[in-house]
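Each residue of the sequence shown is one higher than the last, beginning at 739 in the working numbering. Even for Gly, the Cβ is constructed at its ideal location relative to N, Cα and C. No experiment lies behind these values; they were computed from the predicted model shown. What follows is a single structure, written as structure tokens, with notes after it.
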Amino acid sequence: MSELDYDLVVLGAGSGGISSVNLAKKLGKKVALVEKRKIGGDCTWYGCVPSKALIKAAKVAHEVGRLADYGLSLAEGVGSGSPAAIDASGVLDHVRAVRAEIYEGERPEVFEAAGIDVFIGEPCFVDNHTIAIADKTLAAKHFVIATGSHPFVPPIPGLADIDYLTNETLFERKTLPDCLFVLGGGPIGVEMAAAMSRLGVKVTVLQRGPRILPRDDEELVAILTERLRSEGLEILTGCEATGFTKDGEQVHVTLKDSAGTEHSRDADCVLVAVGRRPNTPGLDLEKAGVDYSDHGIVADEHMRTTAKNIYAVGDVIGSYQFSHIAEYHANIAVPNALLPLPVKRSFDHTNVVWATFTDPELAHAGLTEAEAMEECGDSVLVYRHPYAKVDRARTDLSTEGLSKFVCDSHGKILGIHILGERAADLLHEAQLARFLGVPFDRIHEMVHIYPTYGDAVKRPAVAAYVDRIKSSPLVRIASAFSKSN
739 MSELDYDLVV LGAGSGGISS VNLAKKLGKK VALVEKRKIG GDCTWYGCVP SKALIKAAKV
799 AHEVGRLADY GLSLAEGVGS GSPAAIDASG VLDHVRAVRA EIYEGERPEV FEAAGIDVFI
859 GEPCFVDNHT IAIADKTLAA KHFVIATGSH PFVPPIPGLA DIDYLTNETL FERKTLPDCL
919 FVLGGGPIGV EMAAAMSRLG VKVTVLQRGP RILPRDDEEL VAILTERLRS EGLEILTGCE
979 ATGFTKDGEQ VHVTLKDSAG TEHSRDADCV LVAVGRRPNT PGLDLEKAGV DYSDHGIVAD
1039 EHMRTTAKNI YAVGDVIGSY QFSHIAEYHA NIAVPNALLP LPVKRSFDHT NVVWATFTDP
1099 ELAHAGLTEA EAMEECGDSV LVYRHPYAKV DRARTDLSTE GLSKFVCDSH GKILGIHILG
1159 ERAADLLHEA QLARFLGVPF DRIHEMVHIY PTYGDAVKRP AVAAYVDRIK SSPLVRIASA
1219 FSKSN
């Protein structure tokens, strides 16, 4: 390739990388995409797509066991509707089939047809304008590094000697295990543990801290934890694994609780889900002048690295490791790199959102109640609405859950936390109001279709409206005047 043959070269074809090249191409730029494994990255192959396919299958299995709750039963001779009667042996084949179908829209030929050059191979920087891929070199005015992350495997004695699973290997199994031990109570661990448990696997989750999902609202996590335990999922908190040994097909796990007492558990296999590390090794970032650490590439609020023509997005910078955040990063980095903008776009940490796709779902935006109280004191207003009072949830027999809106004394939304059916979708309405700076109570003015789960947002907004009216000086004066006459 001749010098600066591309306007932009993107390293990594996951969510952040694909978003980057597509946006750059729409802006009329000459673009290349480099991926060392498979296009689609972690999201398509090991994360969002296969995990959500498995979660849906698990929900279907669970609902079959609830037929009587809906006044239904299987026809005579069909068999029992209990979860134990479900044959889940084909579920991982189904997951892989869904994954393969989605990949059809991400094949190299799709990008090539759109005018984006694709190179498969392991890239490394020669300098800040050149990378090498095997016997090729590519030169560009700008680069976006979107190489993602990989599972962190802690140095626990014996762990390296067992055939442990990560999210990168879990979906390649031919069959489900009978007994699974999940190391880590974060989103990946909890989602997969809950799904596996519903599919008939005996699952134990080990969480070193005092509760699972430690970044989410404590009140809602407590409700979710109780729900998961009621379905048979074992959750051990305040406990850590200190060693692993293998005896034939069985794995022995040695545990130590907060009191220092050791005991052991057996499982068919172990899923390691204790965090992730950025994919920086092998890139020769030093040659490009890009600073990084074990926590990721150093990038500023404009997504620019210490090399002024190189940007980084997604998991590789080590912050919020979600596919939608990688896409958000890309939508900041690409215009900043390629357009002569007088004011550069910036990453707004206050607008980060996420969801854990258990059943019920747990969605999160902004400050938790505890964080808001610490930051704003007793002036914080919290509006709660139980799903048991949402008519659509009642018709669907999905009444377990709670929506929770944390506001300051002026009605500005500080945090949104929803546990329940369709929580991740519901969050967006309130998040839009939060993003635009619209007071929470204004949501009640918009017409909402009935019956929908939207009541979980609308009804607490009505409560906020009532509070605002009651506290209004003008209303108080008018009320006093009315009484005097």
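Which term fits MET727, buried or exposed, when burial requires 16 or more other beta carbons within 10 angstroms of its beta carbon?
-> Here the chain has residues from 739 to 1223 only, and residue 727 is not among them.
Inspect the CB distances between the segment 1031–1045 and the segment 835–855 and report whether three or more fall short of 8 Å.
-> no
Give every residue of the same chain whose Cβ lies closer than 7 Å to the Cβ of LYS776, excluding the five residues on either side of it in the sequence, and list them in chain order.
-> On the sequence shown, residue 776 is found 38 positions in, with the first residue counted as 1. Cβ within range, chain order: TRP783.
Is it true that the segment 1188–1202 meets the segment 985–993, where meeting means three or more beta-carbon pairs spaced less than 8 Å apart?
-> no
Let me know the secondary structure DSSP gives GLU964 once reduced to three states.
-> The residue labelled residue 964 in the question sits at position 226 within the sequence shown. Look at GLU964 here: in three-state DSSP terms it is helix.
Run the CB neighbour count on GLY766, radius 10 Å, all protein chains shown included, and call it buried at 16 or more, exposed below.
-> Position 28 of the sequence shown holds residue 766. GLY766 is exposed by the Cβ-count criterion.
Provide the residue span of the beta strand (DSSP E) that contains ILE871, from first to last.
-> Here residue 871 corresponds to residue number 133 of the sequence shown, with the count starting at 1. 868–871 is the span of the beta strand (DSSP E), which, as asked, contains ILE871.
With contact counted as at least three CB pairs below 8 Å, one residue from each stretch, are the segment 901–921 and the segment 798–815 in contact?
-> Not touching, per the Cβ criterion.
Locate the alpha helix (DSSP H) running through ALA791, then write down its first and last residues.
-> Locating residue 791 in the sequence shown gives position 53, where the first residue counts as 1. Where ALA791 is concerned, the enclosing alpha helix (DSSP H) stretches over 786–802.
Spatial neighbours of ALA1168 within its chain, please: CB distance less than 6 Å, with the 5 preceding and 5 following residues excluded, ordered by chain position.
-> Against the sequence shown, residue 1168 aligns to sequence position 430. So the list reads ILE1154, VAL1195, once near-sequence residues are dropped.
What first and last residue would you give for the alpha helix (DSSP H) that runs through PHE849?
-> Position 111 of the sequence shown holds residue 849. Per DSSP, PHE849 belongs to the alpha helix (DSSP H) from 846–851.
Rank ALA1202, LEU937, ASP825, ILE756 by C-alpha distance to the C-alpha of GLU850 and give the top, closest one.
-> In the sequence shown, residue 850 corresponds to position 112, counting from 1. Ranking ALA1202, LEU937, ASP825, ILE756 by Cα distance to GLU850 puts ILE756 first.
Cβ distance (whole Å) where PHE982 is taken to contact GLY896 below 8 Å = For this step, residue 982 is matched to residue 244 along the sequence shown. For this step, residue 896 is matched to residue 158 along the sequence shown. Indeed, because the Cβ distance is near 4 Å, the residues count as touching under 8 Å.
May I have the straight-line CA-CA distance separating ILE826 from PRO1098, to the nearest angstrom?
-> Position 88 of the sequence shown, counted from the start, is the residue given in the question as residue 826. Position 360 of the sequence shown, counted from the start, is the residue given in the question as residue 1098. A small correction: the amino acid at residue 826 is Ala; Ile does not occupy that position in the sequence shown. One C-alpha to the other measures close to 21 Å.
Along the chain, which unbroken stretches of the alpha helix (DSSP H) at least 4 residues long are found entirely within the segment 1107–1136?
-> 1107–1114, 1129–1133
Is HIS1067 buried or exposed, if buried means 16 or more other CB atoms sit within 10 Å of its CB?
-> Indexing the sequence shown from 1 puts residue 1067 at position 329. So HIS1067 counts as buried.
DSSP state of LYS768, grouped into three classes?
-> Mapped onto the sequence shown, residue 768 falls at position 30. Residue state, collapsed to three classes: coil.
Whole angstroms is fine: what's the gap from MET739's alpha carbon to ILE1070's?
-> For the purposes of this step, residue 739 is taken as the residue at position 1 of the sequence shown. For the purposes of this step, residue 1070 is taken as the residue at position 332 of the sequence shown. Because the pLDDT of MET739 is 44, which lies under 50, any placement of that residue in the model is unreliable, and the number read from its coordinates should be weighed accordingly. Answer to the nearest angstrom: the Cα atoms are 28 Å apart.
Measure the CB-CB distance between ALA1161 and ALA1093 and report whether it falls below 8 Å.
-> Looking up residue 1161 in the sequence shown gives position 423. Looking up residue 1093 in the sequence shown gives position 355. Yes, Cβ-Cβ distance for ALA1161 and ALA1093 is below 8 Å.
DSSP puts SER1031 in a beta bridge; with which residues?
-> For this step, residue 1031 is matched to residue 293 along the sequence shown. Answer is GLY1034, bridged to SER1031.
Write down the C-beta distance between VAL1120 and VAL1091 rounded to the nearest angstrom, noting that I regard them as a contact closer than 8 Å.
-> Looking up residue 1120 in the sequence shown gives position 382. Looking up residue 1091 in the sequence shown gives position 353. So it is not a contact: roughly 19 Å between Cβ atoms.
Where do the ends of the alpha helix (DSSP H) carrying GLY779 lie?
-> What you label residue 779 is simply residue 41 of the sequence shown in a count that begins at 1. GLY779 -> alpha helix (DSSP H) spans 779–783.
Measure the C-alpha to C-alpha separation of THR875 and LYS912 and round it to an integer number of angstroms.
-> One-based indexing of the sequence shown puts residue 875 at position 137. One-based indexing of the sequence shown puts residue 912 at position 174. Roughly 40 Å separates the two Cα atoms.
Residues bridged to GLN988 [DSSP beta-bridge criterion] | As a first step, residue 988 must be located in the sequence shown, where it is residue number 250. BP columns for GLN988 point to ASP985.
Return helix, strand or coil for THR1088, following the three-state DSSP convention.
-> The residue you call residue 1088 lines up with position 350 of the sequence shown. In this structure, THR1088 counts as helix in the three-state DSSP scheme.
Is HIS1001 buried or exposed, if buried means 16 or more other CB atoms sit within 10 Å of its CB?
-> Counting from 1 along the sequence shown, the entry for residue 1001 is found at position 263. Exposed is the call here.
How many whole angstroms separate the CB atoms of LEU966 and THR1096, which I take to be in contact at a CB cut-off of 8 Å?
-> Position 228 of the sequence shown holds residue 966. Position 358 of the sequence shown holds residue 1096. Yes, they are in contact, since the Cβ atoms of LEU966 and THR1096 sit about 7 Å apart, within 8 Å.
Around the Cβ of TYR1191, are there at least 16 other Cβ atoms within 10 angstroms (buried) or fewer (exposed)?
-> The residue you call residue 1191 lines up with position 453 of the sequence shown. TYR1191 should be labelled buried.
Would you call the segment 883–903 and the segment 1012–1029 touching, i.e. three or more CB-CB distances under 8 Å?
-> yes
Starting from TYR1049, follow the beta strand (DSSP E) in both directions and report where the run begins and ends.
-> Counted from its first residue, the sequence shown places residue 1049 at position 311. Here the beta strand (DSSP E) through TYR1049 covers 1048–1050.
What's the C-alpha gap between ASP1038 and ASN1047?
-> Position 300 of the sequence shown, counting from 1, holds the residue named residue 1038. Position 309 of the sequence shown, counting from 1, holds the residue named residue 1047. Their Cα atoms are separated by approximately 13 Å.
Would you kindly report the start and end of the unbroken beta strand (DSSP E) that includes HIS1182?
-> Start at 1 with the first residue of the sequence shown, and residue 1182 comes out as number 444. No beta strand (DSSP E) holds HIS1182; DSSP gives it neither H nor E.
How is the alpha helix (DSSP H) around GLN1169 delimited, first residue to last?
-> The residue you call residue 1169 lines up with position 431 of the sequence shown. First-last of the alpha helix (DSSP H) with GLN1169: 1161–1174.
Along the alpha helix (DSSP H) that carries ALA1101, what are the first and last residues, could you check?
-> In the sequence shown, residue 1101 corresponds to position 363, counting from 1. Where ALA1101 is concerned, there is no enclosing alpha helix (DSSP H), although the beta strand (DSSP E) it sits in stretches over 1099–1104.
With 16 as the cutoff for other CB atoms within 10 Å, does ARG1132 come out buried or exposed?
-> Working through the sequence shown from its first residue, we reach residue 1132 at position 394. ARG1132 comes out exposed.
Beta-carbon separation of ILE1156 and ARG1172 under 8 Å?
-> Within the sequence shown, residue 1156 is the residue found at index 418, counting from 1. Within the sequence shown, residue 1172 is the residue found at index 434, counting from 1. For ILE1156 and ARG1172, no; Cβs fall outside 8 Å.
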